[in-house]
Structures are given as structure tokens and as C-alpha cells.
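Everything below concerns the one structure shown next.
2 protein chains.
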Amino acid sequence: MASHENIVLKPIGVVKTAAVGNQVKDKTRISQIVIRDELAEALEGIDDFSHLFVLFWLHEISNENQKTLKVHPRGRKDLPLLGVFATRTMLRPNPIGLTLVELVKAEGNVLTVRGLDAFDGTPVLDVKPFDSWDMAKDAKVPEWWTKLESEKTKPR
Amino acid sequence: MASHENIVLKPIGVVKTAAVGNQVKDKTRISQIVIRDELAEALEGIDDFSHLFVLFWLHEISNENQKTLKVHPRGRKDLPLLGVFATRTMLRPNPIGLTLVELVKAEGNVLTVRGLDAFDGTPVLDVKPFDSWDMAKDAKVPEWWTKLESEKTKPR
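Respectively, the protein sequence lines represent chains A and B. Everything in the first sequence is counted per my numbering, starting at 1 for the first residue and increasing by one. Everything in the second sequence is counted per my numbering, starting at 1001 for the first residue and increasing by one.
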């Protein structure tokens, strides 16, 4: 497959949450990921992990927003104008969300997780177990990130 | 968008590497990610991060393999048969790869990275900066994972 060809995905499930608006950013919030029935078997053994990466489709981003190349982090004009790939903005060419969550419970085709910042009805593309290969203890981040973090807001 | 609808993605770029076969698993290996020219601007500021997540399309997985629901980790029959979502196998309904890499250099539309386990020509879907929100220091993993790790092989 050449890099210019289109790729077609089918969601593996959907997010269920009572949170609305900015409430989804509350990292203590519980959500459900309801996996398609026919894929339930693919969850076997997942509950031996405490944390998962969830890949989801930011379905509220329009085609027009996918053309955005630069943003101010969190829309803050006092922070530098940056390329979208240097931020976690939802406005990206392929609006795929990636969030590390805590797995609370796996039961049948439903994963109960803590800390998923996705709206109710969000299509889920994949879930992957988290392990120490996914971690960089000595990672360097920019000053603008540290500034946002020090304000105790989610810098994305 | 309902969870049963298809999602269409267009790669943002492509992996370039001299590594072939299992050489791509060598975490010291250097690869390039060549971003589409028209998206080069979206990289501005990325070099202030030391680590990135790369999301890529496992383009060598056939449709048939996407139907696999259970695997033995690394094909090892001495390890339990697990759901694909409990492993990092390439055989998943949506074969998206996710790897944490070290950013060595960003120049024009080319990212030079260390530790990307993707073949030459792999379509890249997204790059995201890594920060401490992506890290779970106290993460729990299963015994089979610890066993593989203790053998100093990559447990995926």
C-alpha cells in the first residue's frame, strides 16, 4: 500500500459515559467501552493488565478542521503557535485520540475504565495493554507544556 | 457517526528504514518518518519533545488476519491463548501500530527517530508528543508478560 492510498477502519466498539462537555476531561470519571459482540472473545486476558491505551475516533471533528496545521495549545494565545503534531489537539489530519486509562473491570463485552476523555458515542478503534515499553521516564517536554502542567490543567 | 460506520484515513507520511525482517525490532535502530510535504508545517515545535508516539498502519496484515480473535503471545504455545486486545499482536481488527520512539532530529518534513518497529514503506497515521500523562508508573502486567520480559525479548 502506498502512502497516498486511503485506509478504511471499522470501529470495534463505542464509548458510553454520562459525562458531557468538559466533564470528560475529569481523570477520575468512569466510562464504559462497549465492544462489538462478535469481538468479545478478543478481550480474554485483558483484565490482567491495570492500564490500557484506548484509540478512538474524534468523530466530532469535521473535514474542515482536519486541515488545521497550527494551533495554540488549548487555544491560549499566550502560548506559542505550534504545529498540530507538536500538540495533542483534536484538530489533526487523522483525528485519532489516544488516552491511557485505568482498567477498572472487564465483563463480557464491556470494559469499565477510569480517565477516558472521550464523549458518549465516540467510536473506539483499538484497545492495547500498557506495559513498560510504552514509558519514557526521562522524557523532555517544552516549556509551554510545563507551564500548563503547573497550572494543573490538562495541557492538550 | 454510529459505531458501525466505516472511517476513512489518509496516511500523513511513510516510514523509511534500511532494516528488514526482525531487524525492525532492534530498539537502537534509526528510521525516518517522511511526512507529506503539505503537512510539514504541522511539525513545528515537535523537536522540543524527546519522545513521540507513532501511530502507523500495519499494511502487511491481510483482511483475513484482521478476523483473528485469539493468539499466543509471540506465537509461543507455552504461553496462554489470549484475546488479541490483551496483546500487542499485529493481528487485530484495526491493525494500527503504536510505538513510543525517541525523536533524534526533526528537519523539514522528515523526523529521524530511534526505536520504531515498523517496516520500510509503512504508512504513518499520526505522531503525537509523549508526556507524563501517558505514563502509569505502577502499572500491573500479567505473568506471561513478565516471563517474556525476563527473557529479554520484546513481548508483543
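We treat Cβ as the ideally placed atom computed from N, Cα and C, and that holds for glycine. A quick note: this is a predicted structure, and the numbers were derived from the prediction, not measured.
Could you tell me the boundaries of the alpha helix (DSSP H) in which residue i lies?
{"i": "SER1031 of chain B", "result": "Run containing SER1031 of chain B: none in the alpha helix (DSSP H); it sits in the beta strand (DSSP E), 1030-1035."}
Quick check on the DSSP output: the beta strand (DSSP E) that includes residue i runs from which residue to which?
{"i": "TRP57 of chain A", "result": "51-57"}
{"i": "LYS16 of chain A", "result": "13-16"}
{"i": "LEU1100 of chain B", "result": "1096-1107"}
{"i": "LYS1128 of chain B", "result": "1123-1129"}
Look up residue i in the DSSP assignment and say whether it is helix, strand or coil.
{"i": "VAL1024 of chain B", "result": "helix"}
{"i": "ILE1007 of chain B", "result": "strand"}
{"i": "LYS140 of chain A", "result": "coil"}
{"i": "ASP1134 of chain B", "result": "helix"}
{"i": "MET1 of chain A", "result": "At MET1 of chain A, the pLDDT of 45 sits below 50, so the modelled position is not reliable and the matter cannot be decided from this model."}
{"i": "ALA1042 of chain B", "result": "helix"}
{"i": "PHE1065 of chain B", "result": "A small fix is needed here, since residue 1065 of chain B is Asn in this sequence, not Phe. DSSP places ASN1065 of chain B in helix when its eight states are reduced to three."}
{"i": "ASP47 of chain A", "result": "helix"}
{"i": "PRO155 of chain A", "result": "Low local confidence applies: a pLDDT of 48 at PRO155 of chain A is under 50, so the model's placement there is unreliable, and no value is given."}
{"i": "GLU1060 of chain B", "result": "coil"}
{"i": "THR89 of chain A", "result": "coil"}
{"i": "LYS1147 of chain B", "result": "helix"}
{"i": "ALA1019 of chain B", "result": "coil"}
{"i": "ARG1076 of chain B", "result": "coil"}
Any heavy atom of the ligand HEM closer than 6 Å to the Cβ of residue i?
{"i": "LEU69 of chain A", "result": "Questions concerning the ligand HEM fall outside what the structure shown contains, since it holds no ligand whatsoever."}
Pull the bridge partners of residue i from the DSSP assignment, please.
{"i": "ARG114 of chain A", "result": "A:ILE30, A:GLU102"}
{"i": "LEU1082 of chain B", "result": "B:VAL1071"}
Give the residues of chain A in contact with residue i, contact being defined as C-beta atoms less than 9 Å apart.
{"i": "ASN1109 of chain B", "result": "By Cβ distance, chain A contributes nothing, its closest Cβ being about 11 Å from ASN1109 of chain B, past 9 Å."}
{"i": "SER1050 of chain B", "result": "ALA136, ASP138, ALA139, LYS140, VAL141"}
{"i": "ASP1026 of chain B", "result": "Here the premise fails: no neighbours, minimum Cβ distance about 13 Å."}
Just to make sure I have the definition right: I need the residues of chain B whose C-beta is within less than 8 Å of the C-beta of residue i. Which are they?
{"i": "GLU41 of chain A", "result": "LEU1069, LYS1070, GLY1083"}
{"i": "GLY75 of chain A", "result": "Neighbours of GLY75 of chain A on chain B: none; closest Cβ ~16 Å, over 8 Å."}
{"i": "ASP120 of chain A", "result": "Near ASP120 of chain A there are no residues of chain B at all, since even the closest Cβ is about 12 Å away, more than 8 Å."}
{"i": "LEU161 of chain A", "result": "Residue 161 of chain A cannot be examined here, being either before or after the span of chain A that is shown, 1 to 156."}
Residues of chain B with CB closer than 7 Å to the CB of residue i, please, in chain order.
{"i": "PHE53 of chain A", "result": "LEU1098"}
{"i": "ASP37 of chain A", "result": "What ASP37 of chain A touches in chain B: nothing, since even the nearest Cβ is about 12 Å away."}
Who are the neighbours of residue i on chain A, taking C-beta pairs under 7 Å?
{"i": "GLU1044 of chain B", "result": "LYS70, LEU82, GLY83, ALA86"}
Show which residues of chain A have a CB atom less than 8 Å away from the CB atom of residue i.
{"i": "ASN1022 of chain B", "result": "Residues of chain A passing the Cβ test: none, with the nearest at roughly 16 Å."}
{"i": "LYS1128 of chain B", "result": "PHE85, ARG88, LEU98"}
What residues from chain B crowd round residue i, counting only those whose CB sits closer than 9 Å?
{"i": "ASN6 of chain A", "result": "VAL1008, LEU1009, LYS1010, PRO1011"}
{"i": "ASP78 of chain A", "result": "Neighbours of ASP78 of chain A on chain B: none; closest Cβ ~15 Å, over 9 Å."}
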